[in-house]
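Chemist: Sharing a structure, written as structure tokens. Questions coming.
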Amino acid sequence: MNHRDSGFSPVGAPRPWPVPGTPPVAPRPRTGRAGIWVGAGLLVLAVVVPLTLVLTVVVPAWDLDRRSVPADGAPHGLVLPAHADYALYSSNSPEWGAFDPACRATDGAGGAIDLRSQSGTTTVAGWKVLRRFDTGSGMLVLTCDSPDGTLQHVEVGRAPRIGPMIGGVFGAIGLAGLFGLAGLVCIVVTVVRRSRR
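In UniProt numbering, the protein residues as written are 1 to 197.
Pasting the structure below:
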């Protein structure tokens with residue numbers, strides 16, 4: 001004979017029900033790896049950005065496009081970029097450093113070009129800046145005389161840009177340090193947080 005289940009056992013004792021308790025605590029999710037990837041990206045930038053800065057600012061500032069001209073007292077025609085800041089370079093060697101050639105320049109129409117003297121001494125790769133000048137139209141006739149008993153030559157090239165050189169070098173160092181430090185901090189903080197969970 002079928003009996004409806006009333007929640008009591010046949011002998012009349014109540015059926016035991018599971019006692020409600022606190023649900024099991026779910027494990028806390030571990031910190032993701034986004035911080036590690038961000039840190040790695042910053043470390044890559046610590047290499048790429050300074051290298052790009054050096055290649056686009058510092059290297060062109062050192063590329064002076066110099067060409068040699070004999071200091072033999074004869075006029076020598078040059079074709080240079082128009083309206084550019086150029087310089088005359090003289091050898092800074094122990095042999096010739098104290099004997100600078102005397103130079104004068106004219107433009108294509110025969111007008112004198114002002115060869116400005118330097119207030120200080122600037123030396124690039126063993127050559128000192130003797131005079132600076134504006135190329136004007138770009139057509140230039142240069143005549144240089146060597147001191148008595150010598151036969152030298154001068155070099156004509158772009159004037160060195162000290163500001164971009166120094167700024168580029170220090171900027172590259174600063175950016176490398178900034179990105180590198182930020183990348184390391186991101187990685188260390190992420191690893192420490194993951195290890196505590």
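Glycine included, C-beta positions come from ideal geometry on N, C-alpha and C.
1) Please state whether DSSP places F99 in a helix, a strand or coil.
2) Would you report the Cα separation of V185 and T52, rounded to the nearest angstrom?
3) Checking the sheet assignment: what are the DSSP bridge partners for M139?
4) Looking only at C-alpha atoms, which of C144, A182, F179, A159 sits nearest to D100?
5) Figure out for me which residue from T190, G180, V191 has the closest Cα to the Cα of V49.
6) Hey, is the stretch 54–63 in contact with the stretch 155–166, meaning 3+ C-beta pairs nearer than 8 angstroms?
7) Whole angstroms is fine: what's the gap from V47's alpha carbon to Q118's?
8) What is the DSSP secondary structure of G73, counted as helix, strand or coil?
9) Judging by CA-CA distance, which residue of G157, T150, G168, D148 is the nearest neighbour of L142?
10) Could you tell me the distance, in whole angstroms, from the CA atom of G183 to the CA atom of V54?
11) Measuring straight from C-alpha to C-alpha, what distance separates L42 and G174?
12) So, helix, strand or coil for A105, using DSSP?
13) Can you grab the Cα-Cα spacing for the pair A176 / T56, in whole Å?
14) Using a threshold of 8 angstroms, state whether the C-beta atoms of G138 and V69 are closer than that.
15) Is it true that the CB of D85 sits closer than 8 angstroms to the CB of D148?
16) Does DSSP classify S146 as helix, strand or coil?
17) Can you have a look at R131 and say buried or exposed, based on whether 16 or more other CB atoms are within 10 angstroms of its CB?
18) To which residues of the same chain is Q152 closer than 7 angstroms at the C-beta, ignoring the five residues directly before and after it?
19) Of the residues Y89, G35, R33, which one's Cα is nearest the Cα of E155?
20) Of all the options G35, A172, C103, H76, which has the alpha carbon lying nearest to the alpha carbon of S116?
Modeler: Once the coordinates are examined:
1) coil
2) 24 angstroms
3) V79
4) C144
5) G180
6) yes
7) 37 angstroms
8) strand
9) G157
10) 21 angstroms
11) 14 angstroms
12) strand
13) 16 angstroms
14) no
15) no
16) coil
17) buried
18) A71, S91, W96, P101, S146
19) Y89
20) For the sequence presented, residue 116 should be read as Arg rather than Ser. The candidate whose alpha carbon is nearest that of R116 is C103.
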